[in-house]
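Take a look at the structure below.
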Amino acid sequence: MRAPRFVSTIWNTKGMARWILLVGVLITAVFLLFALCAPWIAPYDFNQTKVDGVKFPKLASPSGDHWLGTNDQFYDIYSRVVWGARTAVLVVLLSIVLSAIVGVLLGLVSGYVGGWFDRITLFLMDALYSFPSLLLAIVFSFMLRERIGGGIVAAALSLTAIYIPQYYRVVRNTTVAAREATYVEAAKAIGAKPATIMRKYLFGNVVQSVPVIGTLNAADALGTLAALGFLGLGIAPNEASDWGYDLSRALDDVSAGNFAPALWPGLAIILLVTGLTLVGEGLNETLNPALRRRRLQKVTLPPRDTTDPEVVR
Amino acid sequence: MPTKPESPDLSQEDAGPGDDVPPGPVIETDGLEVHYRLQGGALARVLGLRTRTVKALDGVTVQLHRGEVLGVVGESGSGKTTLGRALLGLAPSTQGSITYRGRDGERLVSHMKGAELRRLRTDVQMVFQDPSAALNPSMTIEQAVGHPLVVHKIARGAELRRRVHEALERVGLAPVERFASKYPSDLSGGQKQRAVIARAIILDPEVLVADEPISMLDMSVRAKILQLMLDLKRDLGLSYVYITHDLASAKYFCDRIAIMYLGRVVEIGPTEEIFANPRHPYTKALLKAIPDPDPERMLPRDLPRGEIPDAAEPPLGCSFHPRCPEAVAACGWESRDLRVVLDQHWTERGADFDTERRLVGDLDHLDAPSKRATLGKGDPAAVLALMEGVRAENPDEPLWNGVRSMESDGSKVVVEFEEGVDPALRRAGGVDVACVLYPDGAGSDTAASD
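This is the structure:
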């Protein structure tokens, strides 16, 4: 059993792409750690306002009890930022996975089957794609809020809807090209069903760009999630900690001269978006053959040993 | 093994896989047509204008006898690949029939759909031209070769592995361990083609359609692959349809050869007969095109002039007549041929092009096929003189055989062509040939041959 080829490609990345990838992975890893170990890293719960019956102070300055202070809702800012990482990672992961699954499936079927199904799906997807994504996310989150409430799943679903067209487009176009390949005809010739052809012959050859789109979309999804939270359409404050929501609550404090409640969630958003973008760009640079430059590596031979009698002769 | 009575000359191979096979050719097509509707431009589609039809196959009747190698030879665009794909049901037939007589009786391939068609693939398999493209780049050789068995739920697990290894060994990819876990990109062209052949034979088929199996390979491995195919035919009792543009390899490999031109079979017969005594002018031209290592014999080759015509609007009459050096009056001459001759005249003697062109006027209307062409813008007498001049330049041009009359009707010059015949395949000597030079009953070898 051998590792897939792209693993060694990533491992052997050189130069700029390597640094981009490395920095991105590091930043993202820190936030992933926050997300995974939030209960142990954060001193308090995300919606905790009192400890042992004693209420936290409002808008407190950083102190031993509250490393980054508290905000206007009596929450501990540090805990909110750490728990926010868990929310962000959950929502982004869920939405990316869901939209990748739906987009890849639709694209594969639409590209392979063609005909009217393809035309109609293509039209719908292009229509979705032409909307500003934030507007679409707002509409979906409005619609979902009535049905399934304002939790993590609702936020993830409204983000899913806006990213499906990207996967669909890429996979559908690659499928249309691959459909005419001889190996697909060969698969028909051995008597494979259309479903088998799509699963075994097309899927592996058309999903190669999906991981890159996934990581690039992750950064975008995080921004959209923050925007939704900022507008009060994201996750309800009692369901999970949401950086965008905290940022919007902190606006008044900023005008009053207290920057801490806005600074830390804002910084978290910026850092994670940067990290994810770097990972995406790094992967793109590495895996996309159109961008990848195959650098010639300088070969250094060991100096010739003139004292060696074999060589001198 | 029962042999079809009317083909006693083909019983030399007793390679049938068993006694339970029905008599008669293993695959037979009857008037097979595969027509493709062209989409046309965007405007034509929106307005629903008439769409043109490409006749990839236009009435092909061939038989593949059990244990024989039938060569299908022709230029690019002659429909030979379409014929191969149609035999597997990969290209939908629009007219005519394909009959397959296999272990479970007689079946009409041309009427099969879906699951039934997929089941046929256990009996009729295909080897592709480009081995690098015919293997899924993301499957190992073991997966690719074994997949037909998985698809048809014939074998799995250890049994699957055993059969894959057996097939790989059979095609000479040994030691198997070295190749089984490789990806296609790790193998050479010849090795990939062996893997493609292994995938084709693993289902134990009766018929293999080989679509130019060696044309993408190095010279050094071509003969080896052909030898492998002959060995497999002997060991497994296969029948081959060997599609190629290379007559030299067909001579080595085939029992019978069908020469195709523009979607039709123009000559079909035993290989020796085709090579020793080619009848159709197209066959003669193809034979002359075989490279000859004799330095004394360089020229003339008189290869067919021009390119293969547009299959959407084939020439009237015999579709080879515009390129045929032996064409006669009845070949189906028409307005488009006249344009070719005029263009040829101007290409060779272009000094007076401007004046002559003004005299003759626009020639685009000649592109609509017609048995009657009118031309001339200036004085009809001068145009007539010009035309006579063109005829005098090259009186041997076969077109002039087909011109019944050329006269002025007062304002323009009217050229009338002889009625053409679209020749059908007819018996001539040991072969069947579709050419007006070999009319019915002219069975003797000397008739009208050079």
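For the record, the sequence lines run as chains A and B. Going by this note's numbering, the first residue of the first sequence is number 2, and it counts up by one from there. Going by this note's numbering, the first residue of the second sequence is number 598, and it counts up by one from there. C-beta atoms are modelled at their ideal positions from N, C-alpha and C, and glycine is treated no differently.
Residue-chain proximity (residue i, chain A), Cβ-Cβ < 8 angstroms
i                         : result
valine 761 of chain B     : no
aspartate 1042 of chain B : In this predicted model, aspartate 1042 of chain B has a pLDDT of only 44, less than 50, meaning its place in the structure is not dependable; the value taken from the coordinates is given anyway. No, no contact with chain A.
serine 604 of chain B     : Confidence is the limiting factor: at serine 604 of chain B the pLDDT is only 40, short of 50, which leaves the residue's position unreliable, though a coordinate-based value still follows. No, no contact with chain A.
leucine 629 of chain B    : no
leucine 972 of chain B    : no
histidine 708 of chain B  : no
methionine 723 of chain B : yes
leucine 765 of chain B    : no
valine 773 of chain B     : no
histidine 842 of chain B  : no
proline 620 of chain B    : no
proline 745 of chain B    : yes
arginine 753 of chain B   : no
arginine 585 of chain B   : Since the first residue shown for chain B is 598 and the last is 1047, residue 585 of chain B is missing from the structure and cannot be characterised.
Closer than 8 angstroms to chain B by CB, residue i
i                         : result
valine 313 of chain A     : Per-residue confidence for valine 313 of chain A stands at a pLDDT of 48, beneath the threshold of 50, marking its modelled position as unreliable; the derived number appears in the next sentence. Judged by the 8 angstroms Cβ criterion, valine 313 of chain A is not in contact with chain B.
glutamate 186 of chain A  : yes
threonine 197 of chain A  : yes
asparagine 206 of chain A : yes
tyrosine 113 of chain A   : no
lysine 189 of chain A     : yes
tyrosine 202 of chain A   : yes
Reference residue i; option with closest CA among the options
i                         : options                                    : result
threonine 952 of chain B  : B:Gln941, B:Arg969 and B:Asp976            : B:Asp976
proline 58 of chain A     : A:Asn48, A:Thr88, A:Phe75 and A:Thr301     : A:Phe75
glycine 860 of chain B    : B:Val631, B:Pro810 and B:Ala978            : B:Val631
isoleucine 153 of chain A : A:Asp119, A:Leu203, A:Leu226 and A:Ala220  : A:Leu226
cysteine 868 of chain B   : B:Ile856, B:Asp627 and B:Asp783            : Checking the displayed sequence, the identity of residue 868 of chain B turns out to be threonine instead of cysteine. The candidate whose alpha carbon is nearest that of threonine 868 of chain B is B:Ile856.
alanine 979 of chain B    : B:Lys968, B:Trp997, B:Leu963 and B:Val1010 : B:Val1010
alanine 327 of chain A    : A:Ala128, A:Thr10 and A:Ala86              : The first residue shown for chain A is 2 and the last is 314, placing residue 327 of chain A beyond what the model contains.
glycine 108 of chain A    : A:Pro304, A:Arg180, A:Gly205 and A:Arg173  : A:Arg173
leucine 106 of chain A    : A:Phe204, A:Gln49, A:Pro63 and A:Pro304    : A:Phe204
valine 659 of chain B     : B:Tyr697, B:Asp832, B:Leu884 and B:Glu990  : B:Tyr697
serine 134 of chain A     : A:Met17, A:Leu268, A:Ile11 and A:Leu223    : A:Leu223
arginine 1001 of chain B  : B:Gln636, B:Gly628 and B:Gly1017           : B:Gly1017
proline 166 of chain A    : A:Gly104, A:Ala155, A:Gly115 and A:Val83   : A:Gly104
valine 90 of chain A      : A:Ala156, A:Val52, A:Thr50 and A:Gly112    : A:Ala156
glutamate 282 of chain A  : A:Pro304, A:Arg81 and A:Asn218             : A:Asn218
arginine 250 of chain A   : A:Val92, A:Ala257, A:Phe231 and A:Tyr168   : A:Phe231
Interface residues of chain B facing residue i [CB-CB closer than 7 angstroms]
i                       : result
tyrosine 45 of chain A  : Result: empty, since nearest Cβ-Cβ is about 49 angstroms, beyond 7 angstroms.
alanine 257 of chain A  : Those within 7 angstroms of alanine 257 of chain A in chain B number zero; the least Cβ separation is about 60 angstroms.
alanine 182 of chain A  : Ala730
tyrosine 130 of chain A : The contacting residues do not exist; tyrosine 130 of chain A stays about 23 angstroms from chain B at best.
Contacts that residue i makes with chain A (C-beta to C-beta distance below 7 angstroms)
i                        : result
threonine 719 of chain B : Gly192
serine 735 of chain B    : Gly205 and Asn206
histidine 662 of chain B : What histidine 662 of chain B touches in chain A: nothing, since even the nearest Cβ is about 23 angstroms away.
Integer-rounded CB distance, given that residue j should sit under 8 angstroms from residue i
i                           : j                         : result
valine 207 of chain A       : threonine 176 of chain A  : 5 angstroms
phenylalanine 32 of chain A : leucine 248 of chain A    : Contact doesn't hold; Cβ gap of about 17 angstroms is too wide.
valine 213 of chain A       : asparagine 259 of chain A : That pair is no contact at about 41 angstroms.
glycine 276 of chain A      : glycine 25 of chain A     : 5 angstroms
threonine 626 of chain B    : alanine 653 of chain B    : Not a contact, Cβ separation roughly 13 angstroms.
serine 675 of chain B       : serine 690 of chain B     : Not really, about 17 angstroms apart at Cβ, beyond 8 angstroms.
alanine 101 of chain A      : valine 211 of chain A     : 6 angstroms
alanine 36 of chain A       : tyrosine 79 of chain A    : Alanine 36 of chain A to tyrosine 79 of chain A, Cβ: 15 angstroms. No contact.
glutamine 941 of chain B    : methionine 813 of chain B : About 35 angstroms separates the two Cβ atoms, so there is no contact after all.
methionine 723 of chain B   : alanine 795 of chain B    : Not really, about 13 angstroms apart at Cβ, beyond 8 angstroms.
Partner residues on chain A for residue i, Cβ-Cβ distance less than 9 angstroms
i                        : result
leucine 685 of chain B   : Lys189 and Ala190
arginine 700 of chain B  : Result: empty, since nearest Cβ-Cβ is about 16 angstroms, beyond 9 angstroms.
aspartate 727 of chain B : Thr183
Residues that residue i contacts on chain A, provided the C-beta gap is smaller than 8 angstroms
i                       : result
arginine 791 of chain B : Result: empty, since nearest Cβ-Cβ is about 15 angstroms, beyond 8 angstroms.
valine 748 of chain B   : Ile191, Gly192, Ala193, Lys194 and Thr197
arginine 715 of chain B : Gly192, Ala193 and Lys194
Exercise for review: Would you be able to state if there are at least three C-beta pairs under 8 angstroms between the region 829-842 of chain B and the region 801-809 of chain B?
Suggested key: Yes, they touch.
Using a Cβ distance threshold of 8 angstroms, determine whether the region 249-268 of chain A contacts the region 120-136 of chain A, with at least three qualifying pairs required. Counting Cβ pairs under 8 angstroms, fewer than three are found: no touch.
Flag this pair as touching only if the region 711-731 of chain B and the region 758-769 of chain B have three or more C-beta atom pairs under 8 angstroms; answer yes or no.
no
* **the region 61-71 of chain A contacting the region 229-247 of chain A, beta-carbon criterion three pairs below 8 angstroms** => The region 61-71 of chain A is not in contact with the region 229-247 of chain A.
Query raised in the report: Pairing CB atoms from the region 1015-1035 of chain B with CB atoms from the region 662-677 of chain B, are three or more of them under 8 angstroms?
Result: no
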